[in-house]
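Numbering (the numbering used here), first residue to last: -17 to 436.
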């Protein structure tokens, strides 16, 4: 998001060419050597003498005076990140209030540095709303036989560049006749491959944008939905969970939900200070909340929502099972309601069990209109969906409204909220609440159509 300052505004960032100063981590003390040896001796398979430092100093700087209030929550999140990315034979201990010592059993130093960099990048993005690889450093301490400590500091961006260079050199040598058949390209099985798997190289990063939602009753654009958008070479732009390469990977879904939440709240927090007021809808996938471990990770993040933002936030449940039990739905809704004003749910053309939604505390249910569906069938689906919602006593809304005929059908079916290309395109930042009549929406659509023809 380059159109405005970073949402999680902290101290001025250092330029990429300026080395990051050490944040007072005492690496040459008796205590450090004792703890380093302690973690090195945890497993006999450890890489002898090499300890990686995972520091939260930049996060501590950014939050400033609030650090004592949220530090334990941050450490909870850091511990979960370490458990997620480290193997069963790896080891780590907390060194002080802002640093961890990490030792890897099955990775070379370069690959281990990448993993530490990935953990730091994820923490920065979740907690600060940014994760520039040029500002994230990885420190590796080597303890020699005499007990002396040698510290190496590298930027994550430099590590990735080095792996890319090695990969290119290895690729050029692949066909060389002097290489043995069993020889392996240097670092291909460690650094470069790991960077690809971790999403730090070779993939386009999604951009988080905000889609407007129109309140048809009040004739006002009062709500924005935060979603990830991605353009892949040779494909149209995709959004939401379609940005994921593997939509069956529930950990990837969790990561996307956490990034979406972090981005949305950080952006609103900045706009709130500038007196912007609107309702912000944050999608969250059922699989993120269905599993106890994933739900705990997500809860650790969203429970840090500033209290003054809670009246302006709504959670939108996505991909709920058609016949979700009342007890499970009620449990999910009650958890989310601690940090928002309302919980809504989006569904496809197949009608869900609306009485269960109502009893479970869901306040509105949305019809996700397929972009390739036949116009006549879409109008029938809209009218049928609205009639069933009215009967069940739940508010209907529609996402994907593209044409005036869809708008007319939604109006006839008494839909309260509408979103889609006809209402407005996604933007890098939400706007103030604004009056907007149906006539103005149709007029803007005609202007856009005339420009496309021209």
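Backbone N, C-alpha and C define an ideal beta-carbon position, used for all residues, glycine too.
query, result
"Grab me the residues of residue 420's own chain with a C-beta within less than 8 Å of its C-beta, minus the 5 sequence neighbours each way, in chain order.", "198, 201, 389 and 393"
"Taking its Cβ as the centre, do 16 or more other Cβ atoms sit within 10 Å of residue 425, making it buried, or is it exposed?", "exposed"
"Going by CA-CA distance only, name the one from 143, 349 and 371 that's closest to residue 381.", "349"
"In this structure, does DSSP put residue 345 in helix, strand or coil?", "coil"
"Taking the beta carbon of residue 315 as the centre, do at least 16 other beta carbons fall within 10 Å, making it buried, or is it exposed?", "buried"
"Using DSSP bridges, identify the partner residues of residue 51.", "Answer is none; residue 51 lacks a bridge partner."
"On the three-state DSSP scale, how would you describe residue 162?", "Here the model assigns residue 162 a pLDDT of 41, short of 50, so the residue's position is not dependable, and the following value carries that caveat. In the structure shown, residue 162 sits in coil (DSSP, three-state: anything other than H, G, I, E or B)."
"Exposed or buried, which one is residue 485 when buried takes at least 16 other CB atoms within 10 Å?", "Residue 485 lies beyond the stretch modelled for the chain, which goes from -17 to 436, so this question has no answer here."
"Please determine, among 290, 342, 305 and 264, the residue with the shortest C-alpha to C-alpha distance to residue 313.", "342"
"Could you tell me the distance, in whole angstroms, from the CA atom of residue 297 to the CA atom of residue 55?", "22 Å"
"Residue 213 by DSSP, collapsed to three states: which one?", "coil"
"Pick out the complete alpha helix (DSSP H) segments inside the region 268 to 316, 4 residues or longer, and give them in chain order.", "268 to 272 and 274 to 284"
"Return the CA-CA distance between residue 189 and residue 358, expressed in angstroms with no decimal places.", "34 Å"
"Pull up the distance between the alpha-carbon of residue 241 and that of residue 208, whole angstroms please.", "11 Å"
"State the Cα-Cα distance for the pair residue 338 and residue 303, rounded to the nearest angstrom.", "12 Å"
"Could you tell me whether the region 325 to 334 touches the region 366 to 381, where touching means 3 or more Cβ pairs closer than 8 Å?", "yes"
"Just the Cα atoms here: how many angstroms apart are residue 368 and residue 74?", "55 Å"
"Quick one: residues in its chain with C-beta nearer than 7 Å to the C-beta of residue 94, no 5 flanking neighbours on either side, listed in chain order?", "34 and 86"
"Near residue 267, what residues of its chain come up, given a Cβ to Cβ distance below 7 Å and the 5 sequence neighbours on each side ignored?", "223, 235, 239, 300 and 301"
"Could you tell me the distance, in whole angstroms, from the CA atom of residue 141 to the CA atom of residue 120?", "9 Å"
"Look at the alpha carbon of residue 279 and the alpha carbon of residue 422, and state the distance between them as a whole number of angstroms.", "43 Å"
"Considering residue 251, what are the terminal residues of the alpha helix (DSSP H) in which it resides?", "232 to 255"
"Alpha carbon to alpha carbon, how far is residue 405 from residue 253? Give it in angstroms, no decimals.", "22 Å"
"Taking the beta strand (DSSP E) that residue 190 belongs to, which residues open and close that run?", "189 to 197"
"Would DSSP call residue 134 helix, strand or coil?", "strand"
"Which ranges does the beta strand (DSSP E) cover as unbroken runs of at least 3 residues, wholly within the region 68 to 96, from first to last along the chain?", "73 to 78 and 81 to 85"
"Report yes if the CB atom of residue 110 is closer than 8 Å to the CB atom of residue 41, and no otherwise.", "yes"
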